[in-house]
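In this note's numbering, the protein residues as written are 341 to 463.
Idealized CB from N, CA, C, for every residue including glycine.
Quick notes on the structure that follows.
Here's what the structure looks like:
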């Protein structure tokens with residue numbers, strides 16, 4: 341998420357310049373305001389994504405399914421394997437919710453296995 345914010349910040353001067361050029365050629369107006377709102381919305385984290393979490397969408401299957409995942413899952417080899425698949429299929433330029441090319445059941449199984457392992461070590 342921080343990487344996408346850094347990219348958005350780096351692009352801001354270029355976007356402003358582009359907006360000025362476009363508004364000069366078209367007369368400006370509402371589209372400029374809408375563009376600013378869309379850029380700000382892209383930087384915001386949805387309310388259901390708490391600190392220490394990120395959003396992932398399983399894209400295979402009948403319907404994509406969104407998950408809110410704790411950061412500690414980034415050390416799980418099974419989850420890292422899914423991220424490598426996502427990199428191969430979609431590249432590293434994803435913004436917003438991370439799309440993973442798997443069925444929702446695969447993510448659910450990884451999350452449940454990790455929770456069970458974590459719970460067994462807490463006893």
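DSSP state of residue i mapped onto helix, strand, coil
i           : result
residue 415 : helix
residue 454 : helix
residue 410 : strand
residue 432 : coil
residue 323 : Look at the range of the chain in this structure, 341 to 463, and you will see that residue 323 is not part of it.
residue 390 : coil
Within 7 angstroms, strictly: CB atoms of residue i and residue j
i           : j           : result
residue 429 : residue 444 : no
residue 451 : residue 396 : no
Spatial distance of residue i from residue j (CA atoms)
i           : j           : result
residue 393 : residue 419 : 14 angstroms
residue 447 : residue 398 : 7 angstroms
residue 415 : residue 387 : 25 angstroms
residue 453 : residue 404 : 21 angstroms
residue 410 : residue 426 : 18 angstroms
residue 401 : residue 460 : 32 angstroms
residue 423 : residue 435 : 14 angstroms
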